[in-house]
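Number of protein chains: 2
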Amino acid sequence: MPLDSLAPLSSEELEKINAYWSACNYLSAGMIYLRANPLLREPLKPEHIKHRLLGHWGSDPGQSFTWVHLNRLIKKLDLNVMYIAGPGHGAPATLSNGYLEGHYSEIYPQCSQDERGMLELFRRFSFPGALGSHCTPETPGSIHEGGELGYSLSHAFGAAFDNPDLIVACMVGDGEAETGPLATSWHSNKFLNPIRDGAVLPILHLNGYKIANPTVLARITHEELEYLLRGYGYTPYFVEGDDPATMHQTMAATMEHCVEEIRRIQKQARETGKYERPRWPMIVLRSPKGWTGPKEVDGHKVEGFWRAHQVPVLDPATNPTNLKVVEDWMRSYKPEILFDESGKLIPALQELAPSGERRISANLHANGGLLRKPLLMPDFKEYAVVVEQPAQGYVSPTATLAKFLRDVMKCNMTNFRVFGPDETASNKLDGIYAASKKTWEAEFYPEDEDGTEIALDGRVMEILSEHTLEGWFEGYVLTGRHGFFSSYEAFVHVIDSMFNQHAKWLEKSKNELSWRAPISSINLLITSLVWRQDHNGFTHQDPGFLDIVTNKRPDVVRIYMPPDANCLLSVADHCLRSEDYYNVIVADKQAHLTMLSMEQAVQHCTKGIGIWDWASTDNGAKPDAVLACAGDVATQEALAAAAILKEKCPDIKLRFVNVVDLFRLMPEAAHPHGMSEEDYDSLFGTDIPVIFNFHGYASLIHKLAYKRTNHDLMHIHGYRERGNINTPLELAIINEIDRFSLAIDVIDRVPRLQQSAAHLKEWLKDQRIDHVNYAHREGIDPPAINNWQWPLGAAK
Amino acid sequence: MPLDSLAPLSSEELEKINAYWSACNYLSAGMIYLRANPLLREPLKPEHIKHRLLGHWGSDPGQSFTWVHLNRLIKKLDLNVMYIAGPGHGAPATLSNGYLEGHYSEIYPQCSQDERGMLELFRRFSFPGALGSHCTPETPGSIHEGGELGYSLSHAFGAAFDNPDLIVACMVGDGEAETGPLATSWHSNKFLNPIRDGAVLPILHLNGYKIANPTVLARITHEELEYLLRGYGYTPYFVEGDDPATMHQTMAATMEHCVEEIRRIQKQARETGKYERPRWPMIVLRSPKGWTGPKEVDGHKVEGFWRAHQVPVLDPATNPTNLKVVEDWMRSYKPEILFDESGKLIPALQELAPSGERRISANLHANGGLLRKPLLMPDFKEYAVVVEQPAQGYVSPTATLAKFLRDVMKCNMTNFRVFGPDETASNKLDGIYAASKKTWEAEFYPEDEDGTEIALDGRVMEILSEHTLEGWFEGYVLTGRHGFFSSYEAFVHVIDSMFNQHAKWLEKSKNELSWRAPISSINLLITSLVWRQDHNGFTHQDPGFLDIVTNKRPDVVRIYMPPDANCLLSVADHCLRSEDYYNVIVADKQAHLTMLSMEQAVQHCTKGIGIWDWASTDNGAKPDAVLACAGDVATQEALAAAAILKEKCPDIKLRFVNVVDLFRLMPEAAHPHGMSEEDYDSLFGTDIPVIFNFHGYASLIHKLAYKRTNHDLMHIHGYRERGNINTPLELAIINEIDRFSLAIDVIDRVPRLQQSAAHLKEWLKDQRIDHVNYAHREGIDPPAINNWQWPLGAAK
């Protein structure tokens with residue numbers, strides 16, 4: 001029997017559900033319009049209307065409709081359900097439901113469940129200094145702001161991973177569905193394991209319109225849409241119409257069928273341990289935009305049209321006809337029978353909502369810090385590269401890290417995941433696979449045995465979509481778990497905007513919402529760095545993500561640039577234990593010199609910046625210049641410059657400073673990691689030249705340090721947007737971050753050397769030319785460069 | 001009869017086509033391996049092998065296979081075909097074909113069509129300082145670099161718009177297909193008009209593997225994949241297998257069928273003027289990764305597996321067995337019968353390629369500047385806002401611009417398009433619709449007549465995907481046309497990475513490739529600015545795109561911040577006429593004061609920066625301070641501060657400076673628009689405080705101006721990442737870019753005012769508090785703020 005001919009609700013149930021939904025819609029409209037007279041106990045007058053009408057009505061009724069039907073099943077089947085509101089400006093639906101469930105008032109007692117509290121809720125909505133019109137962090141029950149569209153489904157899947165009992169109901173707006181990130185995130189179902197993970201129930205809301213346009217998915221044929229969703233791997237069920245009574249019956253039947261299907265899939269897989277990739281059910285809800293709102297205003301169609309997107313009636317305070325339209329519309333919900341004398345939802349309707357933590361608005365997963373357990377951490381020092389003398393041997397920092405991450409994985413097989421866009425192996429992190437392979441729920445071939453490293457129960461997440469990975473990771477940490485993400489440096493820019501949005505979420509929740517428990521940090525390893533794009537070339541050279549990061553508030557962002565494998569271990573350990581940050585770690589995958597023993601590395605990383613005495617030649621005297629550096633390649637070239645100068649210019653007094661924690665460069669008033677003026681001056685001096693070799697664009701160092709005493713004497717070398725297919729040294733030379741250019745710059749900046757080192761300077765210039773010529777002839781750097789070590793005699 | 005049972009090729013044709021394909025594959029392998037002995041005229045020895053093996057073999061044979069079949073049809077049917085290589089690292093296929101067609105040697109004579117030239121091609125490939133392994137700008141026939149994945153289809157559609165005779169064959173990699181931008185760009189077919197536009201023939205290359213993973217689309221069922229592509233609105237034809245002879249026949253039949261189908265659709269639509277949205281044909285090519293390469297190496301499967309992605313045999317120079325593998329593989333193509341004595345392709349095969357501009361590598365559209373016609377431009381001054389006195393009346397700058405753009409559109413109805421993510425109307429540019437509505441090829445409803453503004457032949461492109469829009473726009477200008485893109489400021493970050501890639505393309509093609517003719521600039525209007533997010537709040541507040549822009553080379557980027565409607569007109573006119581830039585214009589959509597008459601605006605914008613005498617009070621004397629500003633809201637608040645100070649502190653000497661062209665702040669050596677030290681000092685002084693009110697993050701001004709004489713005296717106000725739902729003035733106050741905070745800062749920085757203006761300072765502080773309180777009480781700013789004007793008596 002087709003689902004749309006079933007009528008599972010008794011007439012009493014139907015009436016109650018519809019009444020509860022009416023209460024939601026009433027509150028949504030009230031939020032947009034009213035500053036007084038919240039229960040319409042007197043006739044609506046212009047002075048009851050807000051001075052400025054802000055907010056979005058369009059998707060609210062459809063969202064609340066879905067929510068009330070989720071409530072029915074949560075109660076009936078004792079489900080554990082989270083809700084993700086994809087349609088950006090649909091907060092009134094989420095707020096209404098949270099308020100009716102009582103949880104909103106528990107968190108914000110001023111918005112109590114009575115007339116006064118209702119008015120307070122109305123007045124706060126979309127009001128200066130108060131509530132946003134998206135599901136901002138202030139919204140109980142939300143982990144998904146929705147201000148920037150595209151990430152609802154990836155957040156939903158992130159929440160469902162490793163939460164076997166959870167159903168994440170995810171409303172996808174048909175506007176949002178046009179974005180790239182959303183369009184590919186449907187494929188997340190190839191990465192969801194029915195035994196170990198929970199379920200995602202997507203509800204595609206064919207609301208029909210965006211701000212001012214029809215939506216693509218609402219204007220293709222029913223057949224095409226069904227093909228598309230089946231092609232994405234789902235079994236779609238359609239709930240379509242505009243008659244509330246019929247729609248309630250169809251939605252009740254359809255949603256119950258979907259939940260039964262989810263449970264059947266899970267039960268079968270969990271009992272047998274075997275399964276074909278499930279074609280998970282999903283719902284297509286085609287309902288009018290602004291459903292139940294005014295049908296026409298000023299002779300223009302509103303309900304079911306783009307004009308219902310925001311405020312359906314624009315001028316009720318000045319146009320008596322339209323004031324009546326608003327009043328009639330709001331009274332059509334019958335507030336007088338929905339709310340009691342005090343203004344509280346009547347008990348007969350209250351009982352439709354689940355109670356306690358089963359309330360969607362109070363679901364613990366949506367305040368994931370409450371559920372978060374710290375990682376069980378192996379001792380990172382156990383993975384140290386042994387360093388007898390500094391900078392003698394080459395090791396891949398990321399390959400070293402992989403062993404540590406492998407064991408972090410082994411210790412945390414239910415709440416830790418590793419993410420990467422088809423690059424975990426390329427980034428030399430494939431050692432992780434010894435603990436867990438890559439999740440793969442699509443087809444397997446026999447040859448996969450030979451190194452494809454995929455498994456149904458893998459915990460390493462790889463899809464060629466940085467958007468999807470970041471979305472999964474965010475959903476995973478927002479629901480109280482931990483993770484680690486590695487990505488090619490240049491293409492981290494793909495998720496600039498997602499970084500911005502998550503940082504903004506943290507800024508709000510960390511600083512202003514004491515009820516939100518801290519969550520794990522996002523740990524992003526930026527690797528395959530600008531300086532080592534030997535066969536990828538110019539398009540893979542962009543270290544500018546750090547510039548974006550430094551625009552966000554200091555209390556939620558961290559940037560670490562460990563110069564070697566041991567420092568990377570120390571930094572990674574610190575980041576994995578941290579809370580409420582977006583940690584960015586910049587470390588190359590290629591083999592690099594290990595500069596510091598583990599003990600030294602811990603000390604150095606703890607301070608975040610420091611003088612390396614063994615590479616300095618000032619012996620405590622006032623130096624001629626400071627040679628500073630941040631980033632592994634930049635550090636290696638600076639070290640090589642120091643070695644050249646030490647050998648060729650023995651009387652030079654150089655101080656060698658390395659920066660791990662980039663924010664140490666900022667003033668202490670500007671960033672929690674900032675250094676005091678005294679400390680900074682003690683490292684960089686106040687009247688001596690500083691030659692600073694930086695991994696990224698030079699301007700970033702100026703941005704951080706422009707207030708420092710000796711800023712005018714800082715000469716930053718960094719990426720100058722020059723490159724091609726180049727050997728490592730050649731690329732460094734083109735951008736003047738190479739050893740020879742640095743040594744030349746030191747000579748240029750130290751007046752007393754300008755005569756005595758003139759010959760050396762010419763030699764250095766010749767070296768640059770010779771090395772580029774060698775590269776262009778042989779296709780590689782000379783062995784003496786590739787195997788360069790800090791000269792043994794030079795170490796203290 | 002099913003296409004895969006057809007055999008349209010005679011045995012002679014088949015043999016020739018296969019031989020031509022073999023030549024492509026031979027060259028692709030040669031590029032990866034050989035530094036000598038290019039035609040294998042002697043036994044392969046270790047010294048013939050490159051020192052470092054770089055490059056990607058995996059997708060090359062499938063791409064060349066497609067190319068040779070395109071050649072057949074171009075010749076047979078006299079087609080005009082462009083080729084887009086989606087798979088990132090597939091340049092050997094494009095290079096091989098360009099070389100065999102002779103066009104490569106026409107551009108790069110050193111790579112002549114003989115043994116010496118072939119060796120030169122091999123040696124240059126993936127070699128330091130030479131050729132990249134993507135289809136970089138250096139590659140004839142390419143408009144699509146492919147280094148960052150995801151944009152092949154949107155580029156292809158952009159190229160096809162308004163090119164009715166063009167067929168754009170677009171190879172989509174199955175790795176790339178996992179990205180978000182690619183996943184949504186399939187829907188571009190809802191925006192392609194069969195009468196006016198050309199056709200895109202997508203060829204989804206189911207190569208099976210990414211770097212180290214299977215691909216999602218290769219590991220779902222055939223049925224699901226077919227559903228997906230039909231759901232996207234295509235009619236897919238499958239060419240699947242690994243036997244070359246069979247595959248040639250199937251591909252020949254299938255591709256010919258697709259082209260016939262394209263022509264049938266176009267003919268029917270063009271002859272009748274009526275059509276249903278076509279289900280355009282597309283091809284799914286499922287061929288083994290690294291097809292025809294080594295089947296196994298060192299006991300591991302290679303052909304048809306991820307191990308074929310890059311270099312299939314890693315150690316031929318040191319492993320005699322594997323040297324033999326490479327030699328056998330390359331000899332299997334029979335170079336001795338493909339190339340003549342001189343090393344040139346034999347004439348019998350040469351004739352398979354089209355000639356002249358029909359050669360794909362020489363297609364003029366792929367060097368679009370050659371075809372580009374300047375826009376016919378109405379006189380922008382005709383659209384001026386009349387200004388009798390400065391800053392008296394409020395006008396929306398973008399609504400003013402819309403009238404100009406409308407007429408630009410009217411004058412250029414075949415080579416100009418306007419792009420926007422569902423925001424053209426929201427951004428108050430809907431005046432454009434009077435010239436042309438929005439393109440829409442999906443379903444129409446009767447109610448669309450009432451303001452939906454969509455039309456089959458519309459020229460305004462709206463889809464809720466910044467990625468798709470930017471991709472379309474890039475494809476459109478790269479093929480020689482013009483356009484204009486508007487987008488919400490915060491969400492321009494969605495395309496940060498696309499901006500980076502296009503800027504890099506321009507950097508290379510403009511500075512290093514004289515054979516590439518200049519193309520139109522990308523003109524990006526950033527609007528719905530951070531300062532006017534009254535109901536969108538914190539997530540919509542991010543002015544950081546400019547930080548990304550300033551990381552790119554000065555010769556390809558421009559940033560304009562017109563303070564009013566007239567300046568916006570002047571700037572837009574300039575940008576639309578420009579070539580080879582990425583122009584970023586920052587201008588708000590809300591009503592703003594118009595500061596300058598059209599004549600003044602032209603002068604001001606031409607200089608890019610200047611003193612506004614009418615707002616200054618220094619009367620030519622040395623000022624107490626400079627009050628500078630950039631950006632419309634920032635300028636308005638600075639003006640209001642100047643007015644307050646003028647009134648309350650009549651003896652203060654203020655110089656008012658406004659910046660339109662942000663790069664004027666840079667030193668002249670660092671940017672073509674940079675100012676000389678003298679000019680800069682004459683505006684900003686060398687020893688007086690500068691209070692600079694900036695639209696974006698304050699650090700950007702420091703980044704541009706840190707080398708200036710008086711940099712230490714510059715105090716920048718900008719967005720501090722503080723916000724919520726706020727009134728405009730409230731948000732300004734929180735971030736201290738408001739009139740009161742600026743006036744306070746001036747007082748603080750001018751020593752002689754610190755006593756005399758102490759009372760004023762207290763008053764200013766109270767003003768801030770009072771105004772925030774007002775906003776929190778009333779939900780709006782006071783009318784006196786909303787209607788503020790520059791005091792008439794104050795104007796000179």
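Just so you know, the protein sequences line up as chains Y and B, in that order.
Note that full-length UniProt numbering numbers the first sequence so that position 493 is 493, with each residue one more than the last.
Note that full-length UniProt numbering numbers the second sequence so that position 368 is 368, with each residue one more than the last.
C-beta atoms are modelled at their ideal positions from N, C-alpha and C, and glycine is treated no differently.
- Every alpha helix (DSSP H) of 4 residues or more that sits fully in the segment 578-617 of chain Y is shown, in chain order, as 598-607.
- Minimum Cα-Cα distance from Y:R277 among the listed residues Y:V492, Y:G290, Y:G233, Y:P316 corresponds to Y:G233.
- Only buried fits B:D430, as 16 or more other CB atoms lie within 10 angstroms of its CB.
- With respect to chain Y, the C-beta atom of B:P181 has a partner C-beta closer than 8 Å.
- Here Y:G458 is buried. Its C-beta has 16 or more other C-beta atoms within 10 Å.
- Against B:H300, the close residues of chain Y are D450, in the order they occur along the chain (beta-carbon pairs closer than 7 Å).
- B:F694 is positioned such that its CB atom lies no closer than 8 Å to that of B:A572.
- In this chain, the alpha helix (DSSP H) harbouring Y:N511 covers 496-512.
- Nearest C-alpha to B:G30 among B:L121, B:V302, B:D496: B:L121.
- A check of alpha carbon separations from Y:T235 across Y:T221, Y:T254, Y:D242 identifies Y:T254 as the nearest.
- By the Cβ-count criterion, Y:G55 is buried, with 16 or more other Cβ atoms from all chains shown falling within 10 Å of its own Cβ.
- For B:H51, the number of other beta carbons within 10 angstroms of its own is below 16, and it is reported as exposed.
- For Y:V216, the closest Cβ of chain B is nearer than 8 Å.
- For B:L73, the secondary structure class from DSSP, reduced to helix, strand or coil, is helix.
- Put simply, of Y:I143, Y:A601, Y:T527, Y:K765 the residue whose alpha carbon is nearest the alpha carbon of Y:K589 is Y:T527.
- Collapsing the DSSP output to three states places B:C629 in a strand.
- In this structure, the straight-line span from the alpha carbon of B:V326 to that of B:R41 is close to 15 Å.
- When Cβ-Cβ separations below 8 Å define contact, B:G147 makes contact with chain Y.
- Look at Y:G537 here: in three-state DSSP terms it is coil, with no helix or strand label.
- Straight-line measurement puts the Cα of Y:G537 at about 20 Å from the Cα of B:P554.
- Residue pairing by DSSP puts Y:L131 in a beta bridge opposite Y:F125.
- Of all residues in the segment 125-139 of chain B, only S126, F127, P128, G129, A130, L131, G132, S133, H134, T136 place a beta-carbon less than 8 Å from a beta-carbon of chain Y.
- Where Y:V408 is concerned, the enclosing alpha helix (DSSP H) starts and stops at 397-411.
- At least one CB atom of chain B sits nearer than 8 Å to the CB of Y:F491.
- Within the segment 504-521 of chain Y, the residues whose Cβ lies closer than 8 Å to any Cβ of chain B are, in chain order, K504, E507, K508.
- DSSP places B:C170 inside the beta strand (DSSP E), whose first and last residues are 166-173.
- Judged by beta-carbon spacing, Y:K373 lies beyond the 8 Å limit of Y:N322, meaning their Cβ atoms are not closer than that value.
- Using a Cβ distance threshold of 8 Å, B:L546 and B:V494 do not count as a contacting pair.
- Residue burial is scored here from C-beta neighbours: Y:A758 has fewer than 16 other C-beta atoms within 10 angstroms and is therefore classed as exposed.
- Closer than 8 Å at the C-beta level to chain B, one finds these residues of the segment 475-500 of chain Y: A490, F491, H493, V494, D496, S497, N500.
- For B:S486, there is no enclosing alpha helix (DSSP H); the enclosing beta strand (DSSP E) has its first and last residue at 482-488.
- Classified as buried, B:I432 has 16 or more neighbouring CB atoms from the shown chains inside 10 Å of its CB.
- Y:I652: not part of any beta strand (DSSP E); DSSP gives it neither H nor E.
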